[in-house]
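Sequential numbering of the sequence shown, starting at 1, is according to the UniProt record's numbering. For every residue, glycine included, the Cβ atom is placed at its ideal position computed from N, Cα and C. Only one structure is covered here, and it is reproduced in the block below.
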Amino acid sequence: MELLLSYQSCSITQLLRRVECHFLIKFQFLTLFRVQLCPFITLLFRFFSSILMIFAQMMIPYLTFAKFQAQYKFGQYHYK
């Protein structure tokens with residue numbers, strides 16, 4: 001709200017300069033965030049996704065076996 005009040009008492013060129021400065025500060029912060037924290041976040045994401053993939057590959061045989069067992073139990077799977 002104070003930002004809007006300060007914008008009301010200035011000319012258009014001053015307004016544009018303030019907005020540009022405001023977005024430049026935000027952009028510099030985002031660049032700093034991207035450069036310093038994104039590699040760490042990417043490493044965490046790769047680590048957890050690799051663990052999830054290993055777990056999924058271990059669970060696939062059990063899931064398919066449970067599917068055929070359930071189909072056989074309910075009479076939906078017949079040997080030819």
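Neighbourhood of residue i by C-beta, 6 Å cutoff - its chain only, sequence neighbours within 5 removed
{"i": "Phe65", "result": "none"}
Residue burial classification, residue i (beta-carbon count within 10 angstroms, cutoff 16)
{"i": "Leu5", "result": "Confidence is the limiting factor: at Leu5 the pLDDT is only 49, short of 50, which leaves the residue's position unreliable, though a coordinate-based value still follows. Its Cβ having fewer than 16 others within 10 Å, Leu5 is exposed."}
Close Cβ partners of residue i (< 7 Å) along its chain, the five nearest in sequence each way excluded
{"i": "Ile60", "result": "none"}
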